[in-house]
Every structure is written in structure tokens, then in C-alpha cells.
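**Student:** So the sequence shown is numbered by the numbering used here: it starts at 94 and just counts up by one. Could you have a look at this structure, given as C-alpha cells, before my questions?
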Amino acid sequence: MLFGLFKRNKPATAPADFSFLGVDMHSHLAPAVDDGSDSVETSLELLRGFMEMGYRKIITTPHTRPEMFPNTQAELRASFERLRPAIASLPIEVEMASEYFVDYEFLQQQDINNLLTFAGKHLLIELSTYQAPPNLFDTIFQLKIKGYQLILAHPERYGYYSSDFEQFEKLKDFGCQFQVNLLSLTGNYGKPTKELAMKFFKHNMVDFLGTDMHNVKHLEGLKAMLHDGKLMHFLQGYEFKNAKLLG
Ligand SMILES: [Fe+2]
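As C-alpha cells, then:
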């Protein structure tokens with residue numbers, strides 16, 4: 094038995110795939126710009142995997158993280174343009190935004206009037222997995238003033254807040270929606286991460302599920318999840334906002 098929570102809202106049969114989500118809004122499929130897909134061929138393989146798993150739309154989100162992946166918005170767009178002809182005939186919608194690393198310098202380093210967003214002004218942000226920047230809430234406030242609808246990527250990976258859960262509640266109060274990684278639920282990022290993810294479910298704090306797909310190993314992990322009937326039952330019984338991004 095994985096979690097007692099999985100007993101709730103049990104539908105008659107487990108879903109065979111992730112078509113109940115429809116849209117994935119966190120992945121790294123722009124070729125050779127970050128630690129995700131290294132080539133057009135790999136991106137194609139991962140996209141075919143998404144189709145097999147029932148997804149109809151992919152909003153891919155290569156990293157914007159100056160010290161680790163020093164690419165510009167123009168470079169991200171150029172990478173995506175290399176992918177575009179190869180996927181034109183695929184029966185899946187693909188667009189690109191970015192996953193922005195919010196650190197102490199974010200407001201100085203980025204032109205916050207011109208960020209890569211999706212579905213209007215949805216903005217995917219991530220934090221360090223070691224510590225949050227001391228000016229986090231001020232940064233979030235500045236972004237909100239600009240009209241961005243913030244989605245916090247994998248909050249379950251920010252374990253430094255797990256002993257101070259009110260910080261997560263404060264993030265929600267500041268308007269951040271939470272996107273949990275599917276693979277966090279399998280223990281892919283460790284037991285504490287899995288437990289924190291389940292705590293978000295318990296507190297009804299999860300808005301989106303994302304794959305955070307970087308590579309074929311992630312794809313295999315996601316496909317394996319489809320065989321976990323209890324987990325799939327549970328996920329189907331929860332209301333996610335992914336499908337609202339179908340547009
Ligand atoms: Fe990511």
C-alpha cells in the first residue's frame with residue numbers, strides 16, 4: 094500500500110494513460126540548450142513517448158538559469174525552430190516557454206517585461222533545491238505586479254521548507270500555483286520529496302502535474318507509472334488544471 098490517500102475518490106478503472114491530463118507544461122525538449130534533450134532526434138523520441146502516453150499538447154520549458162545554462166531567449170527560440178520542421182507532421186501540439194530559475198539576482202538579470210510565458214501570462218519558475226533566495230517574496234510580488242500568473246515548479250523538491258510548511262502556504266497566498274512532478278510520486282527524487290509531494294495532495298495544494306521530462310530515462314519512469322493502478326486511480330480522482338491549458 095503506497096498511501097492511504099489513494100483510497101479516496103476511487104474511479105471504476107485505472108486510467109491507461111495520462112490523457113486525463115492532456116497537457117504537459119514542464120519539460121526540456123528544446124535541443125541542446127540545457128540538461129534536457131541533446132538533439133532533435135532525442136526530442137522526437139521523447140515527443141513520441143508523450144503521444145504514446147496520451148498527451149495532446151506539450152508546452153516545453155527549457156531552463157533560463159544564467160549561471161548554469163547561459164542561453165538567451167533568442168537562443169532558446171532558435172533551438173525550438175530547429176525542432177519545429179521535424180515535429181510539424183506529428184499529431185501533437187508543441188509550443189515553448191521557459192522554466193525560470195528565481196534566485197537573488199533574478200530581477201536584475203532578466204527583463205521582466207519580456208519573459209517566455211504560456212496560456213496568456215503563465216510563468217513557470219523554479220527555486221534552488223538548497224535554499225530559497227532571501228528576497229523570494231519580494232521577487233514574486235514584483236512579478237505579480239507585472240501580471241504574471243506564477244506556477245512554482247516541483248515545490249516538493251524544496252525540502253528546506255518542509256519543517257516550515259507555512260512558507261508553502263504563504264507562497265500559495267501570494268498566488269503561486271503548484272506544479273508537482275509526476276516522478277516525485279515514484280520516489281525518483283528520494284523519499285522526503287515523495288512525502289512532501291503527498292503532503293501537498295493531502296492539503297489540496299496541487300494545481301498541475303508535470304513530467305519535467307529531460308531524457309529517455311524519465312520517459313521510461315513515466316511509462317512504468319502507468320502500471321501502478323493504485324497511483325493512477327488516485328491521480329485520476331484529483332482535479333488538475335493541466336487540461337485547461339488545451340486552449
Ligand atoms: Fe525542469
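Backbone N, C-alpha and C define an ideal beta-carbon position, used for all residues, glycine too. Computed from a prediction, not measured in an experiment: that's the story for all the values here.
With distance defined between alpha-carbon atoms, name the residue in H296, D110 and G314 nearest to E262.
**Tutor:** As a first step, residue 262 is located in the sequence shown; it is residue number 169 there, counting from the start. Checked all of H296, D110 and G314; the closest Cα to E262 is H296.
**Student:** Looking at the strands, I want to know which residues DSSP matches up with Q270.
**Tutor:** For this step, residue 270 is matched to residue 177 along the sequence shown. Bridge partners of Q270: I244.
**Student:** Could you check where the alpha helix (DSSP H) with F162 kicks off and where it finishes?
**Tutor:** As a position in the sequence shown, residue 162 is number 69, starting the count at 1. Per DSSP, F162 belongs to no alpha helix (DSSP H) and is neither H nor E.
**Student:** Examine ligand 1 and report whether any of its heavy atoms sits within less than 7 Å of the Cβ of A125.
**Tutor:** Within the sequence shown, residue 125 is the residue found at index 32, counting from 1. Not under cutoff, so the answer is no.
**Student:** Answer yes or no: the CB of A246 versus the heavy atoms of ligand 1, is any distance below 7 Å?
**Tutor:** Sequence index remark: in the sequence shown, residue 246 carries index 153 (1-based). Result yes, Cβ under 7 Å from ligand 1.
**Student:** What residues sit near ligand 1, counting only those whose C-beta is closer than 5 Å to one of its heavy atoms, in chain order?
**Tutor:** E192 and D305
**Student:** Less than 8 Å between the beta carbons of Q329 and F143, yes or no?
**Tutor:** Here residue 329 refers to the residue found at position 236 when the sequence shown is read from its first residue. Here residue 143 refers to the residue found at position 50 when the sequence shown is read from its first residue. Inclusion of Q329 and F143 in the CB contact set at 8 Å is not warranted, their separation being larger than that value.
**Student:** Is any non-hydrogen atom of ligand 2 found closer than 7 Å to the C-beta of D204, if you look at the structure I gave you?
**Tutor:** No copy of ligand 2 appears in this structure; the ligands present are ligand 1.
**Student:** Quick check on DSSP: helix, strand or coil for I185?
**Tutor:** As a working note, residue 185 is residue 92 in the sequence shown. The answer is coil: DSSP assigns I185 none of H, G, I, E or B.
**Student:** Tell me whether V126 sits in a helix, a strand or coil according to DSSP, three-state version.
**Tutor:** Here residue 126 corresponds to residue number 33 of the sequence shown, with the count starting at 1. Here V126 sits in coil by DSSP.
**Student:** For F293, which residues from the same chain have a beta carbon less than 8 Å from its beta carbon, with the 5 sequence-adjacent residues on both sides left out?
**Tutor:** Translated into positions along the sequence shown, residue 293 becomes position 200. Hits under 8 Å: P248, E249, F261, F271, V273 and V299.
**Student:** Can you list, in chain order, the residues of its chain with a C-beta nearer than 7 Å to that of I233? Leave out the 5 residues immediately preceding and following it.
**Tutor:** Along the sequence shown, read from residue 1 onward, the residue named residue 233 stands at position 140. Cβ neighbours of I233 beyond the five flanking positions: L243, F267 and C269.
**Student:** Report the three-state DSSP secondary structure of S172 (helix, strand or coil).
**Tutor:** Taking the sequence shown and counting its residues from 1, one reaches residue 172 at position 79. The DSSP-derived three-state label of S172 is helix.
**Student:** Return the chain-ordered list of same chain residues with a C-beta closer than 7 Å to the C-beta of P159, the five sequence neighbours on each side being excluded.
**Tutor:** Position 66 of the sequence shown, counting from 1, holds the residue named residue 159. Here the set comprises Q202.
**Student:** Classify N335 as buried or exposed, calling it buried when 16 or more other Cβ atoms lie within 10 Å of its own Cβ.
**Tutor:** The residue you call residue 335 lines up with position 242 of the sequence shown. Buried: at least 16 other Cβ atoms inside 10 Å.
**Student:** V309 by DSSP, collapsed to three states: which one?
**Tutor:** Translated into the one-based positions of the sequence shown, residue 309 becomes position 216. In this structure, DSSP gives V309 a helical state, which the three-state scheme calls helix.
**Student:** For M94, is the classification buried or exposed, using 16 other Cβ atoms within 10 angstroms of its Cβ as the cut-off for buried?
**Tutor:** Here residue 94 corresponds to residue number 1 of the sequence shown, with the count starting at 1. Because M94 sits at a pLDDT of 42, beneath the cut-off of 50, its placement in the model cannot be relied upon, and the following sentence gives the value as read from the coordinates. The residue in question, M94, is exposed, as its Cβ has fewer than 16 Cβ neighbours within 10 Å.
**Student:** So, using beta-carbon positions, are D127 and T304 closer together than 8 Å?
**Tutor:** One-based indexing of the sequence shown puts residue 127 at position 34. One-based indexing of the sequence shown puts residue 304 at position 211. Cβ atoms of D127 and T304: not closer than 8 Å.
**Student:** Going by the beta-carbon positions, is the gap between M325 and L275 smaller than 8 Å?
**Tutor:** Counting from 1 along the sequence shown, the entry for residue 325 is found at position 232. Counting from 1 along the sequence shown, the entry for residue 275 is found at position 182. Result no, Cβ atoms of M325 and L275 do not sit closer than 8 Å.
**Student:** DSSP three-state label for K214, please.
**Tutor:** Here residue 214 is taken as the residue at index 121 of the sequence shown, counted from 1. Three-state result, K214: coil.
**Student:** Can you list, in chain order, the residues of its chain with a C-beta nearer than 8 Å to that of Y197? Leave out the 5 residues immediately preceding and following it.
**Tutor:** Counting from one through the sequence shown, the residue named residue 197 turns up at place 104. Counting only Cβ-Cβ distances below 8 Å, and skipping sequence neighbours, we find P226, P227 and N228.
**Student:** To the nearest angstrom, report how far apart K239 and K214 are at their CA atoms.
**Tutor:** The residue given as residue 239 occupies position 146 in the sequence shown. The residue given as residue 214 occupies position 121 in the sequence shown. Cα to Cα, the separation comes out at about 9 Å.
**Student:** Within 10 angstroms of the Cβ of Y223, are there 16 or more other Cβ atoms? Answer buried if so, exposed if not.
**Tutor:** Start at 1 with the first residue of the sequence shown, and residue 223 comes out as number 130. Result: exposed.
**Student:** Quick one: what's got a C-beta closer than 6 Å to N164's C-beta in the same chain, skipping five residues either side?
**Tutor:** For the purposes of this step, residue 164 is taken as residue 71 along the sequence shown, with counting starting at 1. For N164, where only same-chain residues beyond five positions count, the Cβ hits under 6 Å are V126.
**Student:** Just mark L155 as buried or exposed, buried being the case when its beta carbon has 16 or more other beta carbons within 10 Å.
**Tutor:** Residue mapping note: residue 155 aligns to position 62 of the sequence shown, counting from 1. For the sequence presented, residue 155 should be read as Pro rather than Leu. P155 is buried by the Cβ-count criterion.
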